[in-house]
Structures are given as C-alpha cells and as structure tokens.
Amino acid sequence: MKNDQKYSIEVAVHTVYLPDQSDPASEQYVFAYTITLNNTGNMAAQLISRHWIVDSGEGEIKEVRGLGVVGEQPLLKPGESFEYTSGTVISSIVGTMQGTYQMVAEDGFHFLVAIPEFILSVPRVLH
C-alpha cells in the first residue's frame, strides 16, 4: 500500500543501562540509547536539529538543544532509515527522555517529529 502522506518519520528507541560507566555512590547513572528514524513518507527530509527533555525522575529536568544528531544532519529519502547511538547521565535509577526533531523536507517544508517518551531504568528496578 502506498503511503500518501508526504511527511512521515517513524521513531524507534532502544535503551541500555551502562553499569561500567555509572557511579551509584555519586548518583551518576549512565544510559545509552539507540534511535532509528525511518522515512515512511513520500518525500525526502533532512534532520536539522534536536530538542530533548531529560527528566531524572526526581524533579530535575534538563533540556538539550542542538544541530543534528551525533554530528550529522542525515537526509532520509522515502523508505530510508538512519540509526545512531548516543547517551545521557541522570541522577536517579529511573528517569525519562522525550523530545522532537526538526526536519526540513526537500520542498522546503519544516516539520517536527515527536520523540515519544521513553524510560531510562536500571535493570530490575521497575516491575
């Protein structure tokens, strides 16, 4: 079935706790997250910038804005995917991240892609 939507980017997230880089005694919990972006629309689009909201789970909110992701501003043609891995440090054993990517389509249209909230959790903490 052909997708009639011009601008459609799907976001998938996978997180991993990094115990070897964390220091619980100092309340430093390190997580890696892998994001996969898939252009399911019918027009090429380039990721221009990102905006993250990181919640430590204890009321500490950190916002991160910047150009591209991991030093790149990938162009995704229809049907193409881009995957990258990055990381964050929070001060508790459970937190969340969410945000948006600013995209620009090949026709010049600017649009936001929501990054759904995902959980950062030390293993065996959440039931």
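Counting along the sequence shown from 1, when you hit position 126 you're at 170 in my numbering, and nothing is skipped either side. Beta carbons: idealized from backbone N, C-alpha and C, even for Gly.
Same chain only: Cβ atoms within 6 Å of residue i, ignoring 5 sequence neighbours per side
i       : result
Met-45  : Only weak support exists for where Met-45 lies, its pLDDT of 40 falling under 50; the value from the coordinates is given anyway. So no residue of the chain qualifies.
Ser-165 : Val-138
Gln-49  : Gly-85
Glu-71  : Ser-135
Glu-54  : Asn-82 and Thr-84
Phe-155 : Tyr-51 and Met-147
Cut-off 7 Å between Cβ atoms - residues of its own chain near residue i, not counting five sequence neighbours on either side
i       : result
Phe-158 : Before going further, note that residue 158 is Ala rather than Phe in the sequence given. Correct list, in chain order: Thr-144.
Glu-106 : It is Lys, not Glu, that sits at residue 106 in the sequence shown. Within the same chain, Lys-106 has close Cβ partners Val-98.
Thr-80  : Ala-56, Ser-125 and Glu-127
Phe-153 : Tyr-51
Beta-bridge pairing of residue i - partner residues as DSSP gives them
i       : result
Phe-75  : Tyr-61 and Thr-132
Tyr-145 : Arg-94 and Val-157
Glu-116 : Val-113
Asn-83  : Ile-53
Val-108 : Trp-96
Val-138 : Ser-165
Residue i and residue j closer than 8 Å at C-beta
i       : j       : result
Gly-85  : Ser-52  : yes
Gly-101 : Val-138 : yes
Assumed close pair residue i, residue j - CB separation to whole angstroms, cut-off 8 Å
i       : j       : result
Phe-162 : Met-141 : 6 Å
Lys-121 : Ala-149 : About 11 Å; that fails the 8 Å criterion.
Ala-76  : Thr-129 : 6 Å
Gly-115 : Leu-91  : In fact, because the Cβ distance is near 12 Å, the residues do not count as touching under 8 Å.
Are there three or more Cβ pairs, one per stretch, closer than 8 Å when the segment 54-63 is compared with the segment 94-113? No, the segment 54-63 does not touch the segment 94-113.
Does the segment 64-74 come into contact with the segment 125-135, if we say contact requires no fewer than three beta-carbon pairs (one atom in each stretch) closer than 8 Å? Touching, per the Cβ criterion.
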